[in-house]
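This report refers to the structure that appears directly beneath it.
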Amino acid sequence: MLTSGLAGCAGADGQDGADGQDGADAETPEINLYQANLFEAHLALRDLSNSNLSHANLERSDLRYADLSGADLTGANLEQADLRGANLAGASLMWISASDLRGCPAFLPTEWQCIGNNLVGPTADLRRVDLSYSNLDGANLNAANLSVANLAVASMRGANLAGANLTGAGFGQSDLTGANLRYAEMIYANLNHANLSAANLSNANLDGAFLFYTNLTGADLSNANLRYAEMIYANLTGADLSNTVLIGVYWEGTICPDGTNSDDVGNTCQFNL
Numbered sequence: 010m011l012t013s014g015l016a017g018c019a020g021a022d023g024q025d026g027a028d029g030q031d032g033a034d035a036e037t038p039e040i041n042l043y044q045a046n047l048f049e050a051h052l053a054l055r056d057l058s059n060s061n062l063s064h065a066n067l068e069r070s071d072l073r074y075a076d077l078s079g080a081d082l083t084g085a086n087l088e089q090a091d092l093r094g095a096n097l098a099g100a101s102l103m104w105i106s107a108s109d110l111r112g113c114p115a116f117l118p119t120e121w122q123c124i125g126n127n128l129v130g131p132t133a134d135l136r137r138v139d140l141s142y143s144n145l146d147g148a149n150l151n152a153a154n155l156s157v158a159n160l161a162v163a164s165m166r167g168a169n170l171a172g173a174n175l176t177g178a179g180f181g182q183s184d185l186t187g188a189n190l191r192y193a194e195m196i197y198a199n200l201n202h203a204n205l206s207a208a209n210l211s212n213a214n215l216d217g218a219f220l221f222y223t224n225l226t227g228a229d230l231s232n233a234n235l236r237y238a239e240m241i242y243a244n245l246t247g248a249d250l251s252n253t254v255l256i257g258v259y260w261e262g263t264i265c266p267d268g269t270n271s272d273d274v275g276n277t278c279q280f281n282l
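Count along the sequence shown from 1, add 9, and you get the number used in the numbering used here.
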């Protein structure tokens, strides 16, 4: 598939480019490389604009200064690829896995960023990625997979994490003020010392989450699942817990939505919402 798919990149004389050089000047049609295995492929300077690279394996590939504008990279694997100077403007990056890059692209689609050599955007596969201390204010991570990711001390004010998979993710000391976490999967997430004031956590799944000293003032937790969460010295002042599942929650020293302390009202906030 690789040989036939990239045939258009070779010169008429069978060399790499029209003049025997490395293909930079070769005229390239739209190429179908669906599910192609391009592991460690040398594609620097190639014109792959508008090509179909969906679900292709581009791990550790050399894509320096390649033109991938308008390309379909849905579900593609670009782990440890070199994208220095590459043009990904207008490309489809749905469900892409592009972390630990050897270099960031020059141009990306709207709402995408390259942070710490990781492509960050809606639906991105960022499992186990280290984004600690990153500035993700206002970032769009809608439906992204950040399971077991390290987001400690990250600034994520107003970020969109609706529907994201945050299972086992670490948010210790992170700032999620006003973030959108509706329908997010946050099973066993570590939110210790995190600031979630005014965040939207409605319908989020926080089963078994760790909420030590977490600031949840004014947060919307309506219809959320907090089964077996550990709520220790958290602050829920003014939070909305209507229809929230609170089965098995461990309460200690937590300020309830009505301002009372869980220690003073039967070690629970269940009746002080």
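For glycine and all other residues, C-beta sits at the position ideal for the given N, C-alpha and C.
Whole-angstrom distance between residue j and residue i, CA atom to CA atom
i, j, result
"residue 265", "residue 271", "6 Å"
"residue 277", "residue 91", "52 Å"
"residue 185", "residue 58", "37 Å"
"residue 286", "residue 126", "With the chain running from 10 to 282 in the structure shown, residue 286 is simply not present."
"residue 36", "residue 56", "The predicted position of residue 36 is uncertain, since its pLDDT is 46 and thus under 50; no value can be drawn from it."
"residue 232", "residue 108", "34 Å"
"residue 242", "residue 123", "36 Å"
"residue 281", "residue 269", "7 Å"
"residue 218", "residue 140", "20 Å"
"residue 105", "residue 112", "16 Å"
"residue 40", "residue 74", "18 Å"
"residue 137", "residue 121", "19 Å"
Residue from the options whose Cα sits closest to the Cα of residue i
i, options, result
"residue 149", "159, 241, 131", "131"
"residue 229", "220, 245, 236", "245"
"residue 200", "182, 75, 237", "182"
"residue 187", "275, 209, 171", "209"
"residue 60", "49, 166, 44", "44"
"residue 155", "144, 180, 167, 166", "180"
"residue 202", "63, 251, 160, 211", "160"
"residue 168", "260, 191, 178, 157", "191"
"residue 175", "96, 220, 158", "158"
Cβ-Cβ separation, residue j to residue i (assumed contact under 8 Å), whole Å
i, j, result
"residue 283", "residue 225", "This structure cannot settle anything about residue 283, because the visible part of the chain is limited to 10 through 282."
"residue 63", "residue 50", "Contact flag wrong, Cβ pair sits at about 16 Å."
Per DSSP, the bridge partner or partners of residue i
i, result
"residue 239", "219, 259"
"residue 112", "91"
The region 87 to 106 contacting the region 72 to 79, beta-carbon criterion three pairs below 8 Å: Three or more beta-carbon pairs separated by less than 8 Å link the region 87 to 106 to the region 72 to 79, which places the two stretches in contact.
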